[in-house]
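Novice: The working numbering numbers the first residue of the sequence shown as 2 and each following residue consecutively. Glycine included, each C-beta is placed from N, C-alpha and C at the ideal position. Computed from a predicted structure; not experimentally measured.
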Amino acid sequence: MTLTPQRKTSLIGNLIRGALLGIVETIPGISGGTVALVVGIYKQ
2 MTLTPQRKTS LIGNLIRGAL LGIVETIPGI SGGTVALVVG IYKQ
């Protein structure tokens, strides 16, 4: 499977978003769902 530049960017973005959500889940009082909405993982 070859990765196009656009697909590589999407993969890197998803990895960063996933890491951010993982970090947020460890902090008490902050909702992972709210952060997911803010960073664009969940569309309105």
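1. Once you ignore the five residues that flank residue 1 on each side, which residues in its own chain have a CB closer than 6 Å to its CB?
2. Identify the continuous alpha helix (DSSP H) that holds residue 1 and give its terminal residues.
3. Could you check what DSSP says for residue 30 in three-state terms: helix, strand or coil?
4. Can you grab the Cα-Cα spacing for the pair residue 19 / residue 28, in whole Å?
5. Using three-state DSSP, classify residue 3 as helix, strand or coil.
Specialist: To lay it out plainly:
1. Lying before the first or after the last residue shown, residue 1 is absent from the chain, which here runs from 2 to 45.
2. For the chain, the structure presents residues 2 to 45; residue 1 sits outside this window and is missing.
3. Position 29 of the sequence shown, counted from the first residue, corresponds to residue 30. Reduced to three states, the DSSP call for residue 30 is coil.
4. Counting from 1 along the sequence shown, the entry for residue 19 is found at position 18. Counting from 1 along the sequence shown, the entry for residue 28 is found at position 27. Going from the Cα of residue 19 to the Cα of residue 28 covers about 15 Å.
5. Walking along the sequence shown from the start, residue 3 turns up at place 2. Note: residue 3 maps to coil in three-state DSSP.
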